[in-house]
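First up is the structure itself, then whatever we jot down about it.
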Amino acid sequence: MVGRNDPCPCGSGKKYKQCCLSKQSEDQAEQAKARAFFDQKFKLTTDLYSFLAQKNGGEWAFDSQKIKSFDSDLGSIREGAGNVWAFFFREYDNGKHGIDWFVEERGKRYSMQEQEMLERWRTMKISCFQLVDMYEKGTIIEDIWSGERYRMPYCETMGKLPPWSVAVGMIEPYFEGWCIHGSFIWSHPIVKSEVMARVQQLQEETVQASGRKLPLTDIIAANYPEIISMCHRINHSNDGSVKNPKDMREYIYVTREYTCEDPEMLADMLLDKEDGYILSPGTDPAADKIVICRAEKLDHILNSIPVDRRERIRLNEIQLSTDLGNITMHKQNVTVSGWENSELLATLDLLESKWALTVGLTRIDERREAHQYPQEVIINRFNIVTDKKLSQQEVFAYSCLPQLLQTIQKEQKKYPMKSIEMLVRKKEYEQYRVNPNMSALNLLRIALGLPESPFA
Numbered sequence: 017m018v019g020r021n022d023p024c025p026c027g028s029g030k031k032y033k034q035c036c037l038s039k040q041s042e043d044q045a046e047q048a049k050a051r052a053f054f055d056q057k058f059k060l061t062t063d064l065y066s067f068l069a070q071k072n073g074g075e076w077a078f079d080s081q082k083i084k085s086f087d088s089d090l091g092s093i094r095e096g097a098g099n100v101w102a103f104f105f106r107e108y109d110n111g112k113h114g115i116d117w118f119v120e121e122r123g124k125r126y127s128m129q130e131q132e133m134l135e136r137w138r139t140m141k142i143s144c145f146q147l148v149d150m151y152e153k154g155t156i157i158e159d160i161w162s163g164e165r166y167r168m169p170y171c172e173t174m175g176k177l178p179p180w181s182v183a184v185g186m187i188e189p190y191f192e193g194w195c196i197h198g199s200f201i202w203s204h205p206i207v208k209s210e211v212m213a214r215v216q217q218l219q220e221e222t223v224q225a226s227g228r229k230l231p232l233t234d235i236i237a238a239n240y241p242e243i244i245s246m247c248h249r250i251n252h253s254n255d256g257s258v259k260n261p262k263d264m265r266e267y268i269y270v271t272r273e274y275t276c277e278d279p280e281m282l283a284d285m286l287l288d289k290e291d292g293y294i295l296s297p298g299t300d301p302a303a304d305k306i307v308i309c310r311a312e313k314l315d316h317i318l319n320s321i322p323v324d325r326r327e328r329i330r331l332n333e334i335q336l337s338t339d340l341g342n343i344t345m346h347k348q349n350v351t352v353s354g355w356e357n358s359e360l361l362a363t364l365d366l367l368e369s370k371w372a373l374t375v376g377l378t379r380i381d382e383r384r385e386a387h388q389y390p391q392e393v394i395i396n397r398f399n400i401v402t403d404k405k406l407s408q409q410e411v412f413a414y415s416c417l418p419q420l421l422q423t424i425q426k427e428q429k430k431y432p433m434k435s436i437e438m439l440v441r442k443k444e445y446e447q448y449r450v451n452p453n454m455s456a457l458n459l460l461r462i463a464l465g466l467p468e469s470p471f472a
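Numbering (my numbering), first residue to last: 17 to 472.
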């Protein structure tokens, strides 16, 4: 056991009591404060629910009322969203909102600390927020209308999220920062523009009907069930899943095996051919196993990047090419594999032409594996040739760069009104959903002349 005056085992050189012991004490104190905060919040929320249920025919009747205005396809989300609506936005027969009714009748029963929390709840405003940055203790969200930013420490209501996530909801003070209050349905970044457009439309309709221009928060509150249902619908349509079998396409992965009397001659013949056959990166020509790739240069994609940006992402030191098929030679065995395309078929035809007689090549087996992928998915593999030592994340980033550039170029043509920044944010969000550890697209951002991601 480490004594208080012993050197700290972390290696800082300080005494244990001045280093990790004090940090542990601070952590424990913060955890205790957080626990007390959320316990109090849970108690008051439970009391608010019980009060409104009692006033509205009991729990069963109240629960039926609160979810009635929400689309049934929201599923379990209806419960939380229904509570937010019933507590803060529904106007009851007495002309009051649930929170005001509760505080006026029951507020004085609570301690000063509890009353202060209830009063904060009465002044909360609903808005639409986007996750825009991070800091050492959590994330930073931004009001999409005012641009005001709020620090959201990781806590019971705030975990790690995909970059640029968007949600409609309310926040409340939480020690030195803020925390979520009630239901927060984090959604795809595309929800931001849709919410802004719909709220503006509702505001204009209100002006025409009443002659009054209501604050945006009042518009959202008055139309909360519709806004939440819209967010869910948009988010669901952008979740990456394919609903219609017609949107799928079949890809064939081909593996063809041969025996070869002279694999060394075959390797020399392929590498001498001026048609993009290269040694696979990492292959030692002196080893028993040789892998040769049919590669296609990516100049038509990468040359569109300005010289200064190419230098920043080291494309003068790193060569990228499309892998159009592999030819693996091990002793007397030769295996050709790759996604079926014209280039792979040309390679197979070449091997089985007069070359087969020259090197003694005989086919012994073929396997064809069918895979279903969405129509928009491009099945490609890429080679990276460099003498630089790259991390796993860097290899992944460079291998994704050509396809990402092509995707952004296509989406620019498809959505000319959307900014490049918005299109890249969309990709970063979607990439996080696939692999949270590989979500930062800073190579792509630099290539496109955009600021680097705060989520790297």
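By construction, the Cβ of each residue, glycine as well, lies at the ideal position given by its N, Cα and C atoms.
Excluding the 5 residues flanking residue i on each side, which residues of the same chain have their C-beta closer than 6 Å to its C-beta?
i	result
L459	I329, A413, L417
R106	none
P452	none
T271	S353, R383
L177	L147, W202
I321	A463
Can you say whether residue i is buried or exposed, counting buried as having 16 or more other CB atoms within 10 angstroms of its CB?
i	result
G341	buried
G114	buried
D291	exposed
L457	buried
H387	exposed
F86	buried
K49	exposed
Q70	exposed
P241	buried
F200	buried
S203	buried
N110	exposed
R125	exposed
L361	exposed
R397	exposed
K443	buried
K429	exposed
W76	exposed
Y380	The identity of residue 380 in the sequence shown is Ile, whereas the question assumes Tyr. Exposed, because fewer than 16 other Cβ atoms sit within 10 Å of the Cβ of I380.
F191	exposed
R136	exposed
Y431	exposed
N319	exposed
If residue i sits next to residue j, beta carbons under 8 Å apart, how far is it from one beta carbon to the other, in whole angstroms?
i	j	result
G185	G198	6 Å
P179	R441	7 Å
A355	Y267	In the sequence as presented, Ala is not what sits at residue 355; that position holds Trp. Right, their Cβ atoms sit about 6 Å apart.
D288	C309	Not really, about 15 Å apart at Cβ, beyond 8 Å.
M128	T155	About 31 Å separates the two Cβ atoms, so there is no contact after all.
I334	T402	4 Å
I206	I196	Rounded, the Cβ-Cβ distance is 21 Å, inconsistent with contact.
M168	I157	6 Å
S88	T233	With 8 Å as the limit, S88 and T233 do not qualify as a contact, their Cβ atoms being about 27 Å apart.
L364	L336	Going by Cβ atoms, the distance from L364 to L336 rounds to 25 Å, so no, they are not a contact pair.
C276	V182	That pair is no contact at about 57 Å.
D278	V375	5 Å
L230	Q219	7 Å
Beta-carbon within less than 7 Å of residue i's beta-carbon, same chain only, minus the 5 sequence neighbours each way: which residues are those?
i	result
K82	G98, N99, W101, A102
I306	A283, T299, M345
Q131	G123
From which residue to which residue does the alpha helix (DSSP H) around residue i run?
i	result
M140	Element bounds for M140: n/a, residue is neither H nor E.
D288	279-288
P418	408-430
N13	The shown model of the chain, from 17 to 472, leaves out residue 13, and the question about it has no answer.
G114	114-122
Considering just the uninterrupted stretch of the beta strand (DSSP E) at residue i, what are its terminal residues?
i	result
P169	165-169
L295	293-295
M438	Here M438 belongs to no beta strand (DSSP E); instead the alpha helix (DSSP H) covers 436-450.
G185	182-190
R397	397-401
L160	One detail in the question is off: residue 160 reads as Ile in this sequence, not Leu. Segment: none, I160 is in no beta strand (DSSP E) and carries neither H nor E.
H204	First-last for H204: undefined, no H or E at that position.
G193	193-197
Does at least one heavy atom of the ligand SAM sit under 7 Å from the Cβ of residue i?
i	result
Y151	By its list of ligands, the structure shown contains no ligand whatsoever, and the ligand SAM lies outside what it can speak to.
Which residues in the same chain as residue i place their Cβ atom closer than 8 Å to its Cβ, once the five residues preceding and following it in sequence are excluded?
i	result
M476	Here the chain comprises residues numbered 17 to 472, so residue 476 is not present and cannot be evaluated.
R461	V440, P467, E468, S469
K112	E120
Taking only runs that begin and end inside the stretch 312-379, name each unbroken alpha helix (DSSP H) of 4 or more residues, in chain order.
Positions of the alpha helix (DSSP H) runs, each at least 4 residues long and wholly inside the stretch 312-379, are given as 315-318, 323-328, 358-367, 370-375 in order along the chain.
Within the stretch 35-106, ranges of the alpha helix (DSSP H) (whole runs, at least 4 residues)
The stretch 35-106 contains these whole alpha helix (DSSP H) runs: 36-71, 75-83, 93-100.
Length-filtered (4 minimum) alpha helix (DSSP H) runs lying within the stretch 216-271:
232-238, 240-253, all fully within the stretch 216-271.
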